[in-house]
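Accompanying notes for the structure given below.
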Amino acid sequence: MKLTWLLFSLLLVAIAAAQNEEELPLAELCDVESCQLPNCRCSSTGIPGGLRPRDTPQFVLVTFDDAINILNIETYRSTLYGRSNSNGCPAGATFYVSHQYTNYQLVNELYSNGFEIGLHSITHRTPQSFWAEADYETLKGEFADQRQMMSHFGKIPLERIQGMRMPFLQLAGNASFQVLKSSGMTFDASWPTITFTEPGLWPYTLDYASNQDCQLPPCPSASLEGVWVLPMVAWKDLNNNPCAMVDACFAPPALDDEDGWFQFISTNFERHYFNNRAPFGFYIHEWFVRTYPAVNNAFIKFLDTINNMPDVFMVNSADVINWVKNPVPVDQYKNQACPQNPPSPCLPTNCGPLSATHTQEQFWMASCNTCPNVYPWFGNPLGA
Ligand SMILES: *[C@@H]1O[C@H](CO)[C@@H](O)[C@H](O)[C@H]1NC(C)=O
Ligand SMILES: [Zn+2]
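In terms of mature numbering (1 follows the signal peptide of the UniProt record, and there is no 0), the sequence shown is residues -18 to -1, 1 to 366.
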């Protein structure tokens, strides 16, 4: 009797393993006839809906990566809070949050101020090659579980967490996109392009083969229906070297030259604005803005400028995907109802000291929910 049970269990395990390794269909050349909005788009620099550049809203995507805590929240408060676009809608920005040292009360504060919370993994571990080699199960533990964690401790409605960015922008072939799809998320914002910058690449889906350049292989080659790629269109530094993140440009202006930095940001912006108006990314880490006051001031001056332009909109990343799915001319767009985060207030508790499984260190963690027993981590996202 016992032996039968054992054999039966082994069979179930074998079936489960086989299902995981099932080959995904290879993506075929994109067929424009059958790949139509709102749920499919070939990778292309063409403006969605065939709009003319002057009828196209110029979206600006400001994003910050990594942990959210008292070290960096002041920068976010002083540079981002209370801004509006020229149509009166609140300005957006997206935070790709990693778990360690994150204060979930402050995550909730960002959400409550209208900003978007995205995922950047639980461990953000090194080396970079870990992510290149990570398989589906690993990435499910890093991202699908992080989504539960973020929703639980930050009191963010689960369905509002729609996007992810891989640590070090390191792709993992099909695997991270499979996790995205199976966990019900919408878009990835990890994939830089240096080939499609002028004109820039617009967001597209992975139903069919992507023609985007693969800077940090492996890139996906399977057909993954309805999974959106929000390409990181590279900037050009003063020597025309491409850079995906502003703080990683090789030849930027002098770090104390505010006018030089304002000019630098504006030149990169104009490459989008005066061309096909592909979304313009300002992708940066907070420490860079905090460390260099000239950069901070130039950044604020740039935001003040675009917040006064009638056809430029600083928005959450998910808002861009929503517009691409249903592209409307700028005159119509600016009169639409403003995007909003449904209210989800936080009653904070400061939890700790919490022991961890990955290090001797003990942690304090601000939570909008009951305290965990141990510091939440990979494999135990709710800290049970
Ligand atoms: C992605 O899936 C395709 C189709 O099954 C396969 O040919 C390719 O090797 C996979 N790539 C990676 C890096 O897993
Ligand atoms: Zn990071």
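In this text, a Cβ means the ideal position worked out from N, Cα and C, and glycines have one as well.
Boundaries of the alpha helix (DSSP H) around residue 286: 275 to 288. In this structure, residue 204 has its CB closer than 6 Å to one or more heavy atoms of ligand 1. Here the alpha carbons of residue 138 and residue 95 stand approximately 12 Å from one another. In this structure, residue 149 has its CB closer than 6 Å to one or more heavy atoms of ligand 2. Residue 41 places its beta carbon less than 7 Å from that of residue 295. Annotation note: the stretch 293 to 357 contains the following uninterrupted beta strand (DSSP E) runs of length 3 or greater, listed N- to C-terminal: 294 to 296, 331 to 337 and 344 to 349. Counting the other Cβ atoms within 10 Å of the Cβ of residue 207 gives fewer than 16, which makes it exposed. Residue 118 places its beta carbon less than 7 Å from that of residue 160. As the crow flies, the alpha-carbon of residue 53 is around 16 Å from that of residue 345. In the three-state reduction of the DSSP assignment, residue 266 falls in the strand class. Relative to ligand 2, residue 301 has its C-beta separated by 6 Å or more from all heavy atoms. Around residue 311, the same chain offers 33 and 37 as residues with beta carbons nearer than 7 Å, after the five sequence neighbours per side are excluded. Here DSSP, grouped into helix, strand and coil, assigns residue 213 to coil. Beta-bridge pairing by DSSP links residue 224 to 218. Counting only residues of its own chain and dropping the five nearest sequence neighbours on each side, residue 176 has a CB closer than 6 Å to the CB of 216 and 224. Residue 76 is bridged by DSSP to 45 and 98.
DSSP, read as helix, strand or coil, puts residue 360 in coil. Within 6 Å of the C-beta of residue 48 there is at least one heavy atom belonging to ligand 2. Residue 280 and residue 247 do touch by the CB rule: their CB atoms are close to 6 Å apart, below 8 Å. 154 is the residue among 144, 278, 92 and 154 whose C-alpha sits nearest the C-alpha of residue 112.
In the DSSP assignment, the residues bridged to residue 146 are 101 and 170. Leaving aside the five residues that flank residue 306 on each side, the residues in its chain whose CB is nearer than 6 Å to its CB run, in chain order, 30 and 185. Within the same chain, Cβ atoms closer than 7 Å to the Cβ of residue 337 are found at 344, 356 and 357, the five residues on either side in sequence being excluded. Exclusion of the five residues before and after residue 57 leaves 268, 271 and 272 as the residues of its chain whose Cβ lies within less than 6 Å of its Cβ. Taking 7 Å as the cut-off, the beta carbon of residue 136 is found no closer than this to the beta carbon of residue 169. Taking 7 Å as the cut-off, the beta carbon of residue 43 is found no closer than this to the beta carbon of residue 321.
Residue range 240 to 255 is occupied by the alpha helix (DSSP H) that includes residue 255. Close CB contacts of residue 265 within its chain, under the 7 Å cut and outside five residues either way in sequence, are with 45, 214, 226, 227 and 228 (chain order). Residue 151 carries a helical assignment under DSSP once its states are collapsed to helix, strand and coil.
Judged by the Cβ position, residue 207 fails to qualify as a neighbour of ligand 1 at the 6 Å threshold, every heavy atom of the ligand being at least this far. Per the DSSP secondary-structure output, residue 136 pairs with nothing in a beta bridge. Pairing residue 86 with residue 348 gives a Cβ-Cβ distance under 7 Å.
Nearest in C-alpha terms to residue 245, of all of 7, 284, 334 and 50, is 284. Distance from the C-beta of residue 200 to the nearest heavy atom of ligand 1 is below 6 Å. Judged by DSSP secondary structure, residue 27 falls outside any beta strand (DSSP E); it is assigned neither H nor E. Taking 6 Å as the cut-off, the C-beta of residue 70 does not count as close to any heavy atom of ligand 1.
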